[in-house]
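J.: I have a structure here, written as structure tokens, and I will follow up with some questions on it.
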Amino acid sequence: MAVEATHDHQAVGVAIVGGGPTGLFAGLLLHRLGVSVCVLDAKPRSLELGRADALNARTQQYFEVAKILEDLLPLGLKCSTSSTFGNGEFKSRQNKWWVSLEHTLHKNFLMLGQPVIEKLLSSELGDLVHYGEQVVSIYEHDESVDIITSSGRRVRSRYVVGADGARSAVRKHMGVTFTGTKPEMVWAVLDTFIDTDFPVCPEIITFEIDSQSRVSWIPRERGLSRFYVLLDGEVTQERAQESIKRHMTPHRVEFQRTEWYSTFEVKERVASCFISKDGSGRIILAGDAAHVHSVNGGQGLNTGIADAFGLAWRLAAVVNVPSSLRADAAGKLLLSYDIERRGTAQGVVDVAAALVRDTVHEAKQYVGTIEKNAVSDHLYDRAHIAGGYHIAKNNKNNTIIDQRPN
Numbered sequence: 000m001a002v003e004a005t006h007d008h009q010a011v012g013v014a015i016v017g018g019g020p021t022g023l024f025a026g027l028l029l030h031r032l033g034v035s036v037c038v039l040d041a042k043p044r045s046l047e048l049g050r051a052d053a054l055n056a057r058t059q060q061y062f063e064v065a066k067i068l069e070d071l072l073p074l075g076l077k078c079s080t081s082s083t084f085g086n087g088e089f090k091s092r093q094n095k096w097w098v099s100l101e102h103t104l105h106k107n108f109l110m111l112g113q114p115v116i117e118k119l120l121s122s123e124l125g126d127l128v129h130y131g132e133q134v135v136s137i138y139e140h141d142e143s144v145d146i147i148t149s150s151g152r153r154v155r156s157r158y159v160v161g162a163d164g165a166r167s168a169v170r171k172h173m174g175v176t177f178t179g180t181k182p183e184m185v186w187a188v189l190d191t192f193i194d195t196d197f198p199v200c201p202e203i204i205t206f207e208i209d210s211q212s213r214v215s216w217i218p219r220e221r222g223l224s225r226f227y228v229l230l231d232g233e234v235t236q237e238r239a240q241e242s243i244k245r246h247m248t249p250h251r252v253e254f255q256r257t258e259w260y261s262t263f264e265v266k267e268r269v270a271s272c273f274i275s276k277d278g279s280g281r282i283i284l285a286g287d288a289a290h291v292h293s294v295n296g297g298q299g300l301n302t303g304i305a306d307a308f309g310l311a312w313r314l315a316a317v318v319n320v321p322s323s324l325r326a327d328a329a330g331k332l333l334l335s336y337d338i339e340r341r342g343t344a345q346g347v348v349d350v351a352a353a354l355v356r357d358t359v360h361e362a363k364q365y366v367g368t369i370e371k372n373a374v375s376d377h378l379y380d381r382a383h384i385a386g387g388y389h390i391a392k393n394n395k396n397n398t399i400i401d402q403r404p405n
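In structure tokens form, the structure reads like this:
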């Protein structure tokens with residue numbers, strides 16, 4: 000049943016709370032699938048600095064399906080090799096887990112900052128994205144959900160996607176638990192331009208001192224460098240830069256301009272249910288609102304994008320052609336998203352947890368954990384994508400969901 004607009008309510012098929020990559024990509028896919036959408040984001044504008052830094056092979060394929068990858072490829076830096084450096088020399092270099100990936104064209108990370116991704120997705124959606132709209136109230140009914148924002152905007156939708164991050168107001172409204180572990184680790188993160196005589200190369204480099212790998216150097220677009228630094232005691236930008244210099248010895252390093260500095264505490268949590276009313280409701284979580292973990296392994300943004308892809312086609316099927324579904328089919332279809340993505344999220348949390356704990360061991364062990372999990376995670380994700388659902392084009396050149404046998 001379609002929701003109807005009133006004099007004080009905007010009516011859409013799906014309202015999305017959160018204008019990060021997960022929410023924006025879900026909105027773009029739904030819009031392409033013919034579903035009316037509205038994206039509400041609390042921040043005043045698209046992200047300008049920091050956050051995620053890489054698109055994995057699967058995310059690049061998702062973006063290729065959405066026909067936006069070709070706009071991103073020239074902006075990013077391809078990276079398919081990881082190296083370890085310690086005691087003044089390179090100790091190893093490996094890319095076996097990338098070149099062995101099957102069923103993917105892009106056997107590499109595309110190193111590219113989250114602000115670039117958000118800007119492109121937001122521009123594709125245009126005036127469907129509303130910034131400066133903090134959601135203050137959510138009312139879930141049998142056939143619709145009403146949202147009120149801090150500006151007084153009122154939106155009525157058939158479904159709501161909560162993609163509003165780790166501190167999700169949508170998740171709190173749902174009342175689901177968000178439990179997990181919190182290792183006593185605080186990382187410093189820098190996006191900076193450096194002047195160095197270190198042999199610069201498009202590789203992820205893990206630095207080792209005293210049999211611990213506490214600094215990673217990620218090459219980025221525009222000659223930018225992303226550093227992750229694990230510190231004991233007080234965590235400051237100055238101490239992080241001192242640690243980087245010490246790990247890169249005997250090479251000289253000078254910090255010319257730092258665009259972004261932040262810290263994060265490692266948290267590993269998965270929501271008890273991704274759908275309201277114990278799986279039978281109309282509010283659905285995605286991205287960091289549903290699961291958070293260490294940044295190690297570069298899976299945060301990528302897992303959220305996979306959530307968006309898996310959720311969009313399901314919502315489109317339920318919203319666009321409800322009359323063609325059996326009475327209980329819509330609920331079962333959406334519940335399959337919860338089962339699929341919550342299982343994947345727990346797997347990602349487990350791998351990221353192993354990686355973050357391996358940082359206090361030799362770099363060889365850290366890289367070994369990446370290698371052991373990279374191929375299996377990719378194939379596990381592919382199994383869900385290839386489960387019988389494909390994107391097709393109808394005669395009107397609109398993207399629809401077409402179910403075919405395996």
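Reminder that position 107 of the sequence shown reads as 106 in numbering that gives the first Met the number 0, one-by-one numbering, no gaps.
For each residue, glycine too, the CB sits at the ideal point set by N, CA and C.
Values in this document were obtained by computation on a predicted structure and should not be read as measured data.
Counting beta carbon pairs with one atom in the segment 47 to 59 and one in the segment 105 to 121, are three or more of them shorter than 8 Å?
T.: They touch, by the three-pair rule.
J.: Could you check whether Gly112 and Arg219 sit closer than 8 Å to each other, using their CB atoms as the reference points?
T.: Yes, the Cβ-Cβ distance between Arg219 and Gly112 is below 8 Å.
J.: Taking the alpha-carbon positions, what's the Cys200 to Val160 distance?
T.: Distance between the alpha carbons of Cys200 and Val160: 40 Å.
J.: Rounding to the nearest angstrom, what Cα-Cα distance links His383 and Leu124 in this structure?
T.: Residue confidence for His383 is low, a pLDDT of 41 falling below 50, so the modelled location carries little weight and cannot support an answer.
J.: Would you be able to state if there are at least three C-beta pairs under 8 Å between the segment 177 to 193 and the segment 311 to 320?
T.: As far as the Cβ criterion goes, the segment 311 to 320 does not touch the segment 177 to 193, which means the pair count is below three.
J.: Would you mind sorting Pro20 into buried or exposed? The rule is 16 or more other CB atoms within 10 Å of its CB.
T.: Per the 10 Å Cβ criterion, buried.
J.: If we require 4 or more residues per run, which alpha helix (DSSP H) segments fall completely within the segment 296 to 323?
T.: Correct list: 299 to 319.
J.: Evaluate Gly342 with the Cβ neighbour count: other Cβ atoms within 10 Å of its Cβ, from every protein chain shown; 16 or more gives buried, anything less gives exposed.
T.: It is exposed - the Cβ of Gly342 has fewer than 16 other Cβ atoms within 10 Å.
J.: Sort Ala329, Asp327, Lys331, His8 by Cα distance to Arg155 and report the nearest one.
T.: Ranking Ala329, Asp327, Lys331, His8 by Cα distance to Arg155 puts His8 first.
J.: Quickly, what does DSSP pair His30 with across the bridge? List them, please.
T.: According to DSSP, which records beta bridges pairwise, His30 is partnered with nothing at all.
J.: From Phe254 to Phe197, what distance separates their C-alpha atoms?
T.: Each residue's alpha carbon lies about 13 Å from the other.
J.: Can you give me the C-alpha to C-alpha distance between Asp231 and Thr58, rounded to a whole angstrom?
T.: Each residue's Cα considered, the two are about 34 Å apart.
J.: Pull up the distance between the alpha-carbon of Lys66 and that of Ser210, whole angstroms please.
T.: Their backbone Cα atoms lie some 44 Å apart in a straight line.
J.: Cα-Cα, which of Phe24, Val13, Thr302, Ala165 is closest to Gly346?
T.: Nearest C-alpha to Gly346: Thr302.
J.: Excluding sequence positions up to five away, which residues of its chain have a Cβ less than 6 Å from the Cβ of Tyr61?
T.: For Tyr61, where only same-chain residues beyond five positions count, the Cβ hits under 6 Å are Ile304, Phe308.
J.: Under the rule that 16 or more other beta-carbon atoms within 10 Å means buried, what is Phe89, buried or exposed?
T.: Answer is exposed; the Cβ neighbour count stays below 16.
J.: So is Ile338 buried or exposed if we call it buried at 16+ other beta carbons inside 10 Å?
T.: With fewer than 16 other Cβ atoms within 10 Å, it is exposed.
J.: For Phe177, which of Val234, Asn107, Lys266, Arg238 has the nearest alpha-carbon?
T.: The option with the nearest alpha carbon to Phe177 is Lys266.
J.: Using 10 angstroms around the beta-carbon of Ala411, count the other beta-carbons present and answer buried if the total reaches 16, otherwise exposed.
T.: No answer is possible for residue 411: it lies beyond the span of the chain, which begins at 0 and ends at 405.
J.: If you pair each beta-carbon of the segment 26 to 46 with each one of the segment 322 to 339, do three or more pairs fall below 8 Å?
T.: These segments do not touch.
J.: Pairing CB atoms from the segment 267 to 283 with CB atoms from the segment 240 to 258, are three or more of them under 8 Å?
T.: Short answer: they don't touch.
J.: Would you call Thr205 buried or exposed, if buried means 16 or more other Cβ atoms sit within 10 Å of its Cβ?
T.: Buried, because 16 or more other Cβ atoms sit within 10 Å of the Cβ of Thr205.
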